[in-house]
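Peer 1:
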Amino acid sequence: MDVATGSLAQGPGIGVGIAAWIKAVGGRGRVYVVVGDGELDEGQVWEAVTHAATLKLNNLVAIVDWNGYHHDGSVKEVKA
22 MDVATGSLAQ GPGIGVGIAA WIKAVGGRGR VYVVVGDGEL DEGQVWEAVT
72 HAATLKLNNL VAIVDWNGYH HDGSVKEVKA
């Protein structure tokens with residue numbers, strides 16, 4: 022299933038919810054979430070990551086698009 026996540030950093034939380042549901046019903050599917058390296062600065066991404074760890078979601082895979090850009094410019098410039 023594809024999900025349009027809308028705003029920045031909402032995808033990981035949605036992915037965690039879907040992965041938790043699959044695990045709860047005894048499903049065997051995997052959930053893939055694509056995030057950008059700039060998006061990793063957002064707090065709700067890390068809230069989703071820590072919740073996934075708490076739930077021991079071994080069916081969730083994060084793919085990071087490490088392109089060096091943030092929505093405000095390059096990751097290096099934004100971090101400076």
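For what it's worth, the numbering used here labels the leading residue of the sequence shown as 22, then goes sequentially.
For glycine and all other residues, C-beta sits at the position ideal for the given N, C-alpha and C.
All of these numbers come straight from a predicted model, not from anything done at the bench.
1) Which partner residues of residue 50 appear in the DSSP bridge assignment?
2) For residue 98, does the count of other Cβ atoms within 10 angstroms reach 16, so buried, or fall short, so exposed?
3) Starting from residue 40 and walking both ways along the alpha helix (DSSP H), at which residues does that stretch end?
4) Opposite residue 86 in the DSSP bridges: which residues?
5) By the DSSP assignment, the alpha helix (DSSP H) with residue 70 in it spans what residues?
Peer 2: A quick look at the data gives this:
1) For the purposes of this step, residue 50 is taken as the residue at position 29 of the sequence shown. Paired residue(s): none; residue 50 is not in a bridge.
2) For this step, residue 98 is matched to residue 77 along the sequence shown. Exposed, since its Cβ has fewer than 16 Cβ neighbours within 10 Å.
3) Reading the sequence shown from its first residue, position 19 is the one you call residue 40. Its alpha helix (DSSP H) spans residues 32 to 45.
4) The count along the sequence shown starts at 1 and reaches residue 86 at position 65. Bridge partners of residue 86: 57.
5) Counting from 1 along the sequence shown, the entry for residue 70 is found at position 49. Segment 64 to 75, the alpha helix (DSSP H) holding residue 70.
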